[in-house]
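Note sheet for the following structure.
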Amino acid sequence: MATGLTRPLARSLKGRMFSAAAQAEARASTSTDTEPKCYIKKLNNGMLVGTIETASPVSRLAVVANAGSRFESAENLGVAHFLRQSARLRTENLSQLGIARASLQLGSDVTCVGTRENIYYKSNVTRNCVGTMVEILQELTTRQVFKPWEVSDLQTSPDALPLDLALHKTQPFVQCVELLHSAAFRDTLGRSLYAPDHMIGKYNPEQIAQYVKTYFSAGRLALVGVGVCHEELEELASNFEPYGSAGVPAEKAFYHGGEVRENIGGDLSYVGVAFGGPSQADKDLLPAEVLKHVLGVGPHIKYSAGTATSQLAKAVAQSCDHPFAVSCLTANYSDGGLFGFTAVAPATQVEKVVRSAATQFKNVLTNGVSDSDVSRAKTQLKAEMCMQFENPEILLSWLGEQTLHSDQIITPDEIYKLVDNVTTADVNAVAKKIANSKPSMAATGNTGNVPYVDSILS
Numbered sequence: 171m172a173t174g175l176t177r178p179l180a181r182s183l184k185g186r187m188f189s190a191a192a193q194a195e196a197r198a199s200t201s202t203d204t205e206p207k208c209y210i211k212k213l214n215n216g217m218l219v220g221t222i223e224t225a226s227p228v229s230r231l232a233v234v235a236n237a238g239s240r241f242e243s244a245e246n247l248g249v250a251h252f253l254r255q256s257a258r259l260r261t262e263n264l265s266q267l268g269i270a271r272a273s274l275q276l277g278s279d280v281t282c283v284g285t286r287e288n289i290y291y292k293s294n295v296t297r298n299c300v301g302t303m304v305e306i307l308q309e310l311t312t313r314q315v316f317k318p319w320e321v322s323d324l325q326t327s328p329d330a331l332p333l334d335l336a337l338h339k340t341q342p343f344v345q346c347v348e349l350l351h352s353a354a355f356r357d358t359l360g361r362s363l364y365a366p367d368h369m370i371g372k373y374n375p376e377q378i379a380q381y382v383k384t385y386f387s388a389g390r391l392a393l394v395g396v397g398v399c400h401e402e403l404e405e406l407a408s409n410f411e412p413y414g415s416a417g418v419p420a421e422k423a424f425y426h427g428g429e430v431r432e433n434i435g436g437d438l439s440y441v442g443v444a445f446g447g448p449s450q451a452d453k454d455l456l457p458a459e460v461l462k463h464v465l466g467v468g469p470h471i472k473y474s475a476g477t478a479t480s481q482l483a484k485a486v487a488q489s490c491d492h493p494f495a496v497s498c499l500t501a502n503y504s505d506g507g508l509f510g511f512t513a514v515a516p517a518t519q520v521e522k523v524v525r526s527a528a529t530q531f532k533n534v535l536t537n538g539v540s541d542s543d544v545s546r547a548k549t550q551l552k553a554e555m556c557m558q559f560e561n562p563e564i565l566l567s568w569l570g571e572q573t574l575h576s577d578q579i580i581t582p583d584e585i586y587k588l589v590d591n592v593t594t595a596d597v598n599a600v601a602k603k604i605a606n607s608k609p610s611m612a613a614t615g616n617t618g619n620v621p622y623v624d625s626i627l628s
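Counting with my numbering, you get residues 171 to 628 for the letters of the sequence shown.
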């Protein structure tokens, strides 16, 4: 799973905020000579190819399928989670042992992670081994063979799906974010990244194969690489044979609002509160990100409460003298988003923390922000993006999303200029828009003292 306190902004910005479908010829970005060259191309076989050429001796590769959990139905809930676990199952030409041996001989490995919209099959290799590793990724994404005994083993083996679910249950904050999506969107983006317990043992080869043939199809599959020659990757992608199905139209996500809580006990309470936020294609995306940094995104100094730069933390600190954590939260998707805050506090103090954070949050949304607040937040946002772009894993995921949904890669320099163009009026306008939507709330851990959403945001 790829998640955290906030979804990195670098993954949300997609080629001029979703341009058009990728063109038939490779298109380079408008980056300067000091920036890595970026290319996107759609091939005749339906594959999409995206590259960022760098001087790195290590190439980072990924096959990205537009097949995340939002595309599941009531009958196959959790199938995307199953696919993340099945990345090493045998294919038409490789056994499980063959996949492991072939990748390890290259000094590499294959990992599979997923979001609500995409599934990523990733690997890192030296430049001279790119061709061989792409062949392995091709096997894993277009030549799957789901044998009945392997599908069964994956659901019963203690180190497969059961282990993943057991680990998930030890992460109450992640559970809180999952519940918040469920309360906000119900279905589509509300579907969990994790398989429900009642589905374990019910997945079958035909069900899995049908999902793969529908969503690992032409136009929904991209081969991307960072630190690799575009012409080489394009030639390798031309050998792929994505499934011919065009898939089914994505069910549009609608923000509903609501409240979900799950009391699992313990000493701490985990709470998430959110409103409807901008989508990745929305012009309000960057103003909302600036607003997030005005409110505060957690401490920048280890073990501190973050009161120096976070309005939320400053407000909570005035009402609570116990340890706490509070941070603004954004989650942006192709057709929807969330904007809110998360809080963690001792169960005996959580009511004070949540009420103080909610009051300050509501005050900022309704009363607006100052020019100085916006100027500081824009600087923080650009610094955060610079650090995000230094992470090659984030850069690879960001490239995969842009390749699937755009015809041109937006460069870091272009993003910084867009941030500079955000005005205080833009931020205040998006704040009022967010405040007018219905709130959502999720709570887990010890929820005995957690106030209800209608009592804190009435």
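Ideal placement from N, C-alpha and C gives every residue a C-beta, glycine not left out.
- Comparing alpha-carbon positions, the option among V534, T617, E571 lying closest to V597 turns out to be V534.
- Annotation: the stretch 471-549 contains the following complete segments of the alpha helix (DSSP H) (minimum length 4 residues), in chain order: 481-487, 520-537.
- Closest in C-alpha terms to S504, from the list A517, H470, R525, S449, comes S449.
- The continuous alpha helix (DSSP H) containing R271 extends over residues 266-275.
- Nearest to G414 by C-alpha distance, out of E432, Y381, V233, is Y381.
- When L259, A513, E320 are compared, the shortest CA-CA separation from C346 is found for A513.
- By the criterion of a C-beta distance shorter than 8 Å, A272 is surrounded in its chain by L264, T302, I306, once the five residues flanking it on both sides are discounted.
- Along the length of the stretch 213-271, whole beta strand (DSSP E) runs at least 3 residues long occupy 218-223, 228-235, reported in chain order.
- In this structure, T312 places its C-beta atom within 8 Å of the C-beta atom of E411.
- Taking a cut-off of 8 Å on C-beta distances, the stretch 375-391 does not touch the stretch 461-481, as fewer than three cross pairs fall below it.
- Each residue's CA atom was taken as its position, placing Y209 and V219 some 8 Å apart.
- C490 counts as buried, since no fewer than 16 other beta carbons sit within 10 angstroms of its beta carbon.
- Contact between the stretch 286-296 and the stretch 229-244 is present: three or more C-beta pairs spanning the two stretches fall below 8 Å.
- Looking at the backbone, the Cα of K587 and that of P206 are separated by about 18 Å.
- Here H492 is exposed, its C-beta having fewer than 16 other C-beta atoms within 10 Å.
- By a beta-carbon distance limit of 8 Å, G284 does not contact L350. Their separation comes to about 18 Å.
- As computed with DSSP, E432 is found in a beta bridge with T614.
- Between L337 and S256 the beta-carbon gap is near 17 Å, outside 8 Å, which marks them as no contact.
- The stretch 432-439 and the stretch 612-623 touch, with no fewer than 3 CB-CB distances between them shorter than 8 Å.
- For C282, the enclosing beta strand (DSSP E) begins and ends at 281-284.
- In this structure the stretch 369-383 touches the stretch 245-259; the number of beta carbon pairs closer than 8 Å is three or more.
- If only uninterrupted alpha helix (DSSP H) runs of at least 4 residues are considered, those enclosed by the stretch 559-613 are 562-575, 582-590, 594-605.
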